[in-house]
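Which chain is which? The protein sequence lines are A and B, in order.
The letter at position 72 of the first sequence is residue 72 when you use my numbering, and the numbering goes up by one with no holes.
The letter at position 331 of the second sequence is residue 1331 when you use my numbering, and the numbering goes up by one with no holes.
All C-beta atoms in this analysis are idealised placements derived from N, C-alpha and C, irrespective of residue type, glycine included.
Computed from a predicted structure; not experimentally measured.
Right, one structure below, let's go through it.
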Amino acid sequence: MTTNSDRPRRHLAALAVAAVMSAALATGGPAMAQPTLSFSAIPNQDETHLLERFNKVAAYLQKELGVPVKYVPVKSYSAAVTAFKNNHIQLAWFGGLTGVQARLAVPGSVAIAQGIEDTAFVTYFIAHSSTGLSAKPTLGDDVKGKTFTFGSKGSTSGRLMPEFYLREIFKTDPEKVFSRVGFSGDHTKTLDLVSSGAYQIGALDFTVYEAALKAGKVDTKAVTVIWKTPPYPDYNWSIRGDVDKTFGPGFIKKVQDALVKMNDPELLATFPRTKFIPAANKDYQPVEDTAHLLNLIDG
Amino acid sequence: MRPDRKGPAGRHWLGRREVGIGVVLVGLAMLPFADLEVSTHDPWRHVSRFLAGFLSPDFNSIRSIAWAVVYTVAFGLVGVFIGSLAGLLLAPAYHLRPVRILAATLRAVHELFWALLFLQVFGPSAITGALAIALPYSGIFAKVYSEMLEEADRRPDEVLPPGSGALSRFLYARLPMALSPFRIYTRYRIECGLRSSAVLGFVGLPTLGFELDAFFKVGRYESVAAVLLIYYLMIATNRQWLRPSLIPVFLVAAFGLLITLGGPPFRMENLVRFLTEDIVPAPLRDASLLASSTWDQLSGWLDVLLSTQAFPGLWSTVVVTQMALAVTMFVALLGFPLIVARLVGKVPSISGHLLLVVGRSTPEYMLVYIFLQMLGPSMLPAIIALGLHNGAIIAHLLGRQADALTPTLRPDAPRGFNLYVYEFVPRLYGNFLAYIFYRWEIILRESAIVGILGVHTLGFYIDGAITEIRLDRAVLLIAVTVLATFAVDAIARGLRRRFQLSMNDLASREGSAIY
Chain A
1 MTTNSDRPRR HLAALAVAAV MSAALATGGP AMAQPTLSFS AIPNQDETHL
51 LERFNKVAAY LQKELGVPVK YVPVKSYSAA VTAFKNNHIQ LAWFGGLTGV
101 QARLAVPGSV AIAQGIEDTA FVTYFIAHSS TGLSAKPTLG DDVKGKTFTF
151 GSKGSTSGRL MPEFYLREIF KTDPEKVFSR VGFSGDHTKT LDLVSSGAYQ
201 IGALDFTVYE AALKAGKVDT KAVTVIWKTP PYPDYNWSIR GDVDKTFGPG
251 FIKKVQDALV KMNDPELLAT FPRTKFIPAA NKDYQPVEDT AHLLNLIDG
Chain B
1001 MRPDRKGPAG RHWLGRREVG IGVVLVGLAM LPFADLEVST HDPWRHVSRF
1051 LAGFLSPDFN SIRSIAWAVV YTVAFGLVGV FIGSLAGLLL APAYHLRPVR
1101 ILAATLRAVH ELFWALLFLQ VFGPSAITGA LAIALPYSGI FAKVYSEMLE
1151 EADRRPDEVL PPGSGALSRF LYARLPMALS PFRIYTRYRI ECGLRSSAVL
1201 GFVGLPTLGF ELDAFFKVGR YESVAAVLLI YYLMIATNRQ WLRPSLIPVF
1251 LVAAFGLLIT LGGPPFRMEN LVRFLTEDIV PAPLRDASLL ASSTWDQLSG
1301 WLDVLLSTQA FPGLWSTVVV TQMALAVTMF VALLGFPLIV ARLVGKVPSI
1351 SGHLLLVVGR STPEYMLVYI FLQMLGPSML PAIIALGLHN GAIIAHLLGR
1401 QADALTPTLR PDAPRGFNLY VYEFVPRLYG NFLAYIFYRW EIILRESAIV
1451 GILGVHTLGF YIDGAITEIR LDRAVLLIAV TVLATFAVDA IARGLRRRFQ
1501 LSMNDLASRE GSAIY
């Protein structure tokens, strides 16, 4: 039992300790000794094994680059861009749109690599079998009035390009074409929602669909691909321009080489890509133009 | 309890009963504007899988869940601690208008919105979590502490000699008289802090919400059940393990833990950029403030933002709020007898308690999230969840008061249904309305944030603006939310004054639980 007289003193002592600690908290703790290259990837599919898979990529990069490399998981597309902007990560595997957003936010940053698949990426429009819709060369009036889901609000293949083509085909807002328009959050979720019939139609990244199909995770009785968009450039590795200052001249080139030479199928399956090839900012001009057109970026 | 139709309010045609009916009618009038569709293909499959999860909860991920519990407690304690200190500093100056406006603004922005903003600067770090709780809580603490100081016995202050300094007066004559209600209220707030902290996981902090979201997303309902069961256990037993004498120890440990949390380093330039560029409306950035074209662009920017996002979002928010408020009334009135032993019997009243505890201790955001998973994205899950949560809170308070009334009943008082209709409801009706109006503003704030989950309320557009990395828009939309909160608060205050609805028991643990 404590007496009443010593209780306030103990509280005061605890307060003092807590105040000192909050000061320490505010200054951010001990500084890092050796600069670490932190990288991330937009969470575009099943998030449960991200850490495991990307830690292998981190180990590969660390071996190739000779500097400590850390994978930083993020919860959303925008969190990846924000982390890049805030220099919390220096390298990222972005989508087309997030890459444009990130490079606009960080002057001097560059796109250095893309998957072979990304030079001509497409979006699949899929439909639940109960709609009776089937594959056609374009979207017709029979999709009108159905329910529809995009992927993440910040996704290129799940939102930007499908919205662009919907507007081009129907000359109006998606909300006026469909009876309900949702944002599932990621491509795997879009596939789930359309498979269960929660949404009748959905638009998603073709690589995620094909990978799920190969893994036997697509209920082909419930879902059919009804349209494939024309090709556009998509995912990319982008890096901050100031890493050369931190890690030494020529570092950006070193990272690019390491990515392009990655040939372990297990590592590549993380993305999922068959091979990385060099890329440049100008490759994504069409994405930037479309984002302007849809008023998703300022300027 | 004041009898009805007495005092100034009684002279008007509009009485307390009409006000209550009015709230229900406004809720009903929203029906044509509400999107109430069940859009899931087969909701029962989801509901039954969710419930089946509870029959065989999967504790395999117990390690990560346990860490999430630790971080939930750490963020909750540190956030409430900093918030209460700040509130304590603001409370003595609360009569000053700027302080009142500051406190009202701090608390009008929900923890999740604060977190979304801080994430832009600090990333998913200790600072983000601590500040997201501390800021809104400081606004609430400032208000409640100041009200408690007002109500405290002033006699010690009055007997001090005229020359006494203001600080001495406050520390030696005012503060000691209010310490006891302060302590009770702060203890209650710690429990709220645990709930808020759990919810912050949904936006990326390592608390219980993070685990829940991850398991829900991949449909692992057994693990979802495990997280929820552990969450309820944590909340239900918090007064047992988080004992007042141990709180300083817990607090020191919490600070220590959060310092070692890691996360992205703090960079001053990010904060500067956030304040001087990110949140500045796009047309004003790097533009000449003297050129008229700049201002034309700004008005165009505002026009588009207000007409395509702020107003539609605000309208949906109001629709959800009013319908949820009406549901809250029904849940509260039908729910409170469940815990009154005199009405339902001793044993059933215990299960009634359990029901209400689950309803009020599940954070509204979590409840909406769960309902959305099962019913699909429309206003329906939001309205049901907000009504259940807020109704359970009020039912609990009313039930406690009905219990307190029981010994005062006449020996020949009616029983059962008649007792409920003719005795308890009329006698508690004034408090009931007061609670409803106190929760109104809170329900509005909650309706706004659940937009993050896909209902098209203000949160939907705020989340969209953040996805588009347009923080200027996000901040403007949050400001609209704040103004709407102020408006509702002002109307509610007017109504409470007009109908003399006040809570006389603010200083008690039950009374303060309305905030």
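Near Met1177(B), what residues of its chain come up, given a Cβ to Cβ distance below 6 Å and the 5 sequence neighbours on each side ignored?
Ala1152 and Asp1153
Is the CB of Gln101(A) under 8 Å away from at least one CB in chain B?
yes
For Val81(A), which residues in chain B fall below 7 Å Cβ to Cβ?
Ile1469
DSSP three-state call for Leu1355(B): helix, strand or coil?
helix
Is it right to say Leu25(A) is buried, meaning 16 or more other beta carbons lie within 10 angstroms of its own, or is it exposed?
Its pLDDT being 48, under 50, Leu25(A) is placed unreliably by the model, and the measurement read from it follows with that caveat. The residue in question, Leu25(A), is buried, as its Cβ has 16 or more Cβ neighbours within 10 Å.
Other residues of its chain near Thr1294(B): CB distance less than 7 Å, five sequence neighbours each side excluded
Pro1283, Leu1284, Ala1287 and Ser1288
Would Thr1321(B) count as contacting chain A if we go by Cβ distances under 8 Å?
no
List, in chain order, every chain A residue whose beta-carbon is nearer than 8 Å to that of Gly1464(B).
Lys153
For Glu1018(B), does the count of other Cβ atoms within 10 angstroms reach 16, so buried, or fall short, so exposed?
exposed
In terms of residues, what are the limits of the beta strand (DSSP E) holding Thr229(A)?
No beta strand (DSSP E) contains Thr229(A), which DSSP labels as neither H nor E.
Rounded C-alpha distance that separates Val1078(B) from Ile1101(B)
25 Å
Answer yes or no: do Arg1049(B) and Tyr1231(B) have a C-beta to C-beta separation smaller than 8 Å?
no
Looking at Trp1114(B) and Leu1131(B), is the spacing between their C-beta atoms short of 8 Å?
yes
Quick check: Arg1195(B) and Ile1235(B), are their CB atoms within less than 8 Å of each other?
yes
Between the segment 1335 to 1348 of chain B and the segment 1483 to 1490 of chain B, can you find at least three pairs of beta-carbon atoms closer than 8 Å?
no
Quick one, which residues of the segment 56 to 88 of chain A are near chain B if we go by CB-CB under 8 Å, in chain order?
Val72, Val74, Lys75, Ser76, Tyr77, Ser78, Ala79, Val81, Thr82, Ala83, Lys85, Asn86, Asn87 and His88
Simplified DSSP assignment, three categories, for Ala31(A):
With a pLDDT of only 44 at Ala31(A), under the threshold of 50, the placement of this residue in the model should not be trusted, and no figure is reported.
Cβ contact (3+ pairs, closer than 8 Å) linking the segment 1384 to 1395 of chain B and the segment 1314 to 1334 of chain B:
yes
Within 10 angstroms of its Cβ, does Lys282(A) collect 16 or more other Cβ (buried), or is it exposed?
exposed
State the DSSP-derived secondary structure class of Val218(A), mapped to helix, strand or coil.
coil
So which of Phe1424(B), Gly1209(B) and Tyr1145(B) has the shortest CA-CA distance to Leu1343(B)?
Phe1424(B)
Could you tell me whether any Cβ in chain A is nearer than 8 Å to the Cβ of Ile1065(B)?
no
Boundaries (first-last residue) of the alpha helix (DSSP H) holding Ser40(A)
From DSSP, Ser40(A) is part of no alpha helix (DSSP H) but of the beta strand (DSSP E) over Leu37 to Ala41.
Rounded C-alpha distance that separates Ala92(A) from Gly1209(B)
26 Å
Could you check whether the Cβ of Arg339(A) sits closer than 8 Å to any Cβ belonging to chain B?
In the structure as shown, chain A begins at 1 and stops at 299. Residue 339(A) is therefore absent and cannot be evaluated.
Locate the beta strand (DSSP E) running through Ala1046(B), then write down its first and last residues.
Sequence inspection shows His at residue 1046(B); the Ala mentioned does not correspond to that position. No beta strand (DSSP E) contains His1046(B), which is instead part of the alpha helix (DSSP H) from Pro1043 to Leu1055.
Min CB distance Ser1039(B) to chain A below 8 Å
yes
What do you reckon, are the CB atoms on Phe1432(B) and Ile1394(B) nearer than 8 Å?
yes
Buried versus exposed, by CB contacts within 10 Å (16 or more), His1095(B):
exposed
At the level of alpha carbons, what is the spacing between Ala1093(B) and Ala1142(B)?
9 Å
Give me the residue from Val1099(B), Val1121(B), Val1450(B) and Ala1434(B) with the minimum Cα distance to Asp1278(B).
Val1121(B)
I need the DSSP call for Asp1278(B), collapsed to helix, strand or coil.
helix
Proximal chain B residues relative to Ala198(A), where beta-carbon distance stays under 7 Å:
Ser1039, Thr1040, His1041 and Gly1376
6 Å CB neighbourhood of Ala1474(B) in its chain, flanking five on each side removed
Ile1462, Ala1465 and Ile1466
What residue range is occupied by the uninterrupted alpha helix (DSSP H) comprising Asp77(A)?
The identity of residue 77(A) in the sequence shown is Tyr, whereas the question assumes Asp. Taken as a continuous stretch (DSSP letters only), the alpha helix (DSSP H) holding Tyr77(A) covers Tyr77 to Lys85.
CA nearest to the CA of Leu1367(B), picked from Pro1407(B), Val1026(B), Ser1447(B) and Arg1400(B)
Ser1447(B)
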